[in-house]
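Working notes, structure below.
Chains as they are written, first to last, in UniProt numbering: chain A, 1 to 235; chain B, 1 to 235; chain C, 1 to 235; chain D, 1 to 235.
Take a look at the structure:
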């Protein structure tokens, strides 16, 4: 029996939540879960429809994207995951989707502005849209460079990956992460909903203002601050 | 056995209708039901996913938001519910959601204009959007102040809470109420549908006029007036 | 046993299709089926949720809207149905909904322009939007007058109710009809889909042209003309 | 037993996927699968609702659209399929739908611009919208001419049908094809999703730019180029 059985199961469950949450069409997405001790992660095999995916199909790869265990080719986006796991020590899961509203924003090359408390409950910044990658990055090791594009964009903005757990890659689509794969999946659904709400608000009122700072701070603090009182004690 | 078993069941059922009606994602909402005799209400515990919610998880609190019975922390919005129950003697249930179209309107800080009979079947006014709260209110007891923001906005407009059973809190999201929790849930779904229709009408025709008074009165009266003839005698 | 058992069953099935086709929220709609020989029709009782509706709840009324059989009050829109059945001898069923896109167009007081073959497969005209009713009509016998507003608008435009089987009542919502209740229900779903497509096309290209006459005629003729070749021989 | 049993089954399964993928309302669509050796294809019968469709209802026709086997009339669009099979030797399946966003774009007579990698994963060109057909073509053998309109438009643009597997017919709706009926169905869903994303992006930012060439080439190559590394070896 595989020593990675539990890790594969986690990755399998995370991946299966994506179609349940209407975040992927066909194979347009992938989720992974990391094992920090063994320095490997479990990721969806490339091009396999969710309806046919089985826990044993999940591929185990190391942080250089070499396959450690598995009979199938891992997701074509595996190197992006590998780069993020290598550089960001405190994340446990990563999700990539082409969810409709998030991708539509990515195609505009614009950040999703923070317009309400639904957004502020999850992050205090606009959801960043990294610029489309340079031709050099695209023609080089594209998927690895996608990881660096994400890391560099957060750094340029002075954002912490532990606070801002989501990004759009310009002209491409959303990437999200979190302490667990479950949280990364959750963040993908939050991004999609917030993207839809911001779209609608700006259609109704093109000059609708950004959320004011006191509300941003209040909603963030009550869920994530030192005196957070949202959820249960042991959450 | 809890003396509040029936009240908890009511609150449980009201809460469970919210995901069924597509009004909440994850834990973004809460519903409560009141027992006027005992001066307590039953409300969803904070941060518990609907798929895992059980009737016995429902928390009983008094009108000062003190927990009377329950092992879990009540919703972080509990004080808002408490203020409304304390001030509005004739309501039996309250619902708060971040439903997509309602929240999108709240993010614009605009009332939802009355544009058709679907709206007039339920209220004769635009659905009010209370302005975003002042910094003092936000930094104070935020959730309690949210309740006062709602009460004050209705009073400033001269609206009765028994006729206008729904409001948007600016940059936040919808709150609805009613004689029963069932009616409050119903009102949340009505608000969402009316919000979507008004959005679409204004996209098709930005200068579409407000509904004329005779139609507003007619549709309201046939459902709610002295000679109402909608529904069954015993409704 | 009721002599109207089969008629009630037909009306029941037609009504139950409305939530299945996502055309109604709660009780916002009603369908009826006529028996021309007995000069009665079967219609949904007022205010009864679809989930609770049973075939025996259906109410039988005559063309003056008097209840012939049934323990419940018929739909508040019964008089509108009665007027249409009385004046239009060749219709067998009527449906009224507040479907989202159809109602959004009604709220703009604009016809839905014919922009593609999906529309032309069903009618050769824009879907008419009757103007909002006059104050006299609204304050009079409102539901009966709604029927006359529909009849008069078709007549003013020179449209035959046997070709144009759908209309919007301005600021209100869609009404559809057909040779059978099944066809009337079908028409309600067609209207909603065509309303959504026209909305989207005009958002993408505000000056998108109306469908040209040759295509209108071709698509209408192949389904409804003398040499129609769509469907099966016995359709 | 029919010698076409397997072919009919393939066509049946392809057709049944269309409502599952929310690409058709009622009977607004049809799919076919070809047998190149026998020079026949299997297609949906005309006007039969998907809920009632059975494998044995599928009609077998030759490349001149003559019925070879079957008790029902084939789809009214059969001649369009026949023309495409006759001229394009390497396609195995064809799908026609009136899917909402694809049809909305067709009604604007505009190509769907390539705006992101979701699009580039499937084709390197804008999704072409053939102009509405000339009056002569419409009044002639309309369905056959629809096939020529599609073929001619691709040729005029210098597109290969083996690379560009989808088109809009102006004021009408989408047609897609592929090496198999399964791929043709897949392409219909891709077209609908890409059409929705492009619509949303242009609503958010009307001057959003077209995807740059390096990204177009990269995404196309990794799925379809000589060194493609998407999917499994045996895909």
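Where a beta carbon is used, it is the ideal one built from N, C-alpha and C, also for glycine. Keep in mind that this is a model prediction, so the values were computed, not measured.
- Interface residue (Cβ-Cβ distance to chain A less than 8 Å): residue 97 of chain D is not classified as such.
- Residues of the same chain with a CB within less than 6 Å of the CB of residue 92 of chain B, apart from the 5 flanking positions on each side, are 34, 179, 180 in chain order.
- With a cut-off of 8 Å on Cβ pairs, the region 54-72 of chain C is not in contact with the region 158-166 of chain C, counting fewer than three such pairs.
- With fewer than 16 other CB atoms across the displayed protein chains lying within 10 angstroms of its CB, residue 36 of chain D is exposed.
- Taking 8 Å as the CB threshold, residue 207 of chain A stays off the interface with chain D.
- Among the residues facing chain C, residue 127 of chain B is not included, as its CB has no counterpart in that chain under 8 Å away.
- One Cα belongs to residue 66 of chain D, the other to residue 53 of chain D, and the distance between them is close to 21 Å.
- By the neighbour-count criterion, in which a residue is buried when 16 or more other Cβ atoms sit within 10 angstroms of its Cβ, residue 29 of chain A is buried.
- In the DSSP annotation of this structure, the continuous segment of the beta strand (DSSP E) that includes residue 178 of chain D starts and ends at 174-178.
- Taking 9 Å as the upper bound on Cβ-Cβ separation, chain A lies near residues 138, 139, 142, 143 of the region 138-157 of chain B.
- Boundaries for residue 72 of chain B: no alpha helix (DSSP H) harbours it, and the DSSP string shows neither H nor E there.
- Between residue 77 of chain C and residue 90 of chain C, the C-beta gap is not smaller than 8 Å, which leaves the two residues out of contact.
- Residue 152 of chain B and residue 145 of chain B have their alpha carbons spaced roughly 10 Å apart.
- Counting only unbroken stretches of 4 or more residues, the alpha helix (DSSP H) elements lying wholly within the region 134-202 of chain A are 135-139, 142-157, in sequence order.
- For chain C, the residues of the region 192-218 of chain B that bring a beta carbon within less than 7 Å of one of its beta carbons are 193, 196, 197, 200, 201, 203, 204, 205, 208, 211, 212, 214, 215, 218, in chain order.
- DSSP lists B/33, B/178 as the beta-bridge partner residues of residue 93 of chain B.
- Nearest neighbour of residue 79 of chain B by Cα position, chosen from B/173, B/128, B/64, turns out to be B/64.
- Beta bridge pairing from DSSP links residue 45 of chain B with B/74.
- Between residue 103 of chain D and residue 103 of chain A, the C-beta spacing is not below 8 Å.
- In this structure, residue 220 of chain D lies away from residue 108 of chain D, with their beta-carbon atoms at least 8 Å apart.
- A buried status is given to residue 186 of chain A, since no fewer than 16 other beta-carbon atoms sit within 10 Å of its beta-carbon.
- In the three-state reduction of the DSSP assignment, residue 24 of chain A falls in the coil class, being assigned neither a helical nor a strand state.
- Residue 130 of chain B sits in a strand when the DSSP states are folded into three classes.
- Close partners of residue 227 of chain B in chain A (Cβ separation under 7 Å) are lacking, with about 37 Å as the shortest Cβ gap.
- Contact of residue 46 of chain D with chain C by beta-carbon distance below 7 Å involves 230, 231, 232.
- Membership of residue 216 of chain B in the alpha helix (DSSP H) is indicated by the continuous run 213-224.
- Residues are counted here when their Cβ sits less than 8 Å from a Cβ of chain C; for the region 73-102 of chain D these are 73, 76, 98, 100, 101, given in chain order.
- Judged by DSSP in its simplified three-state form, residue 121 of chain D adopts coil rather than helix or strand.
- Counting only residues of its own chain and dropping the five nearest sequence neighbours on each side, residue 16 of chain C has a CB closer than 8 Å to the CB of 50, 53.
- Taking a cut-off of 8 Å for Cβ pairs, the region 2-14 of chain B and the region 55-62 of chain B touch, as three or more such pairs fall below it.
- Taking a beta-carbon distance threshold of 8 Å, residue 108 of chain D counts as an interface residue toward chain C.
- Around the beta carbon of residue 1 of chain B, fewer than 16 other beta carbons lie within 10 angstroms, which makes this residue exposed.
- The C-alpha of residue 106 of chain C is placed about 22 Å away from the C-alpha of residue 32 of chain C.
- Looking at the backbone, the Cα of residue 172 of chain C and that of residue 209 of chain B are separated by about 13 Å.
- Sixteen is the threshold: when 16 or more other Cβ atoms of the shown chains lie within 10 Å of the Cβ of residue 130 of chain B, as they do, the residue is buried.
- Under the DSSP definition of a beta bridge, residue 60 of chain A partners with A/42, A/69.
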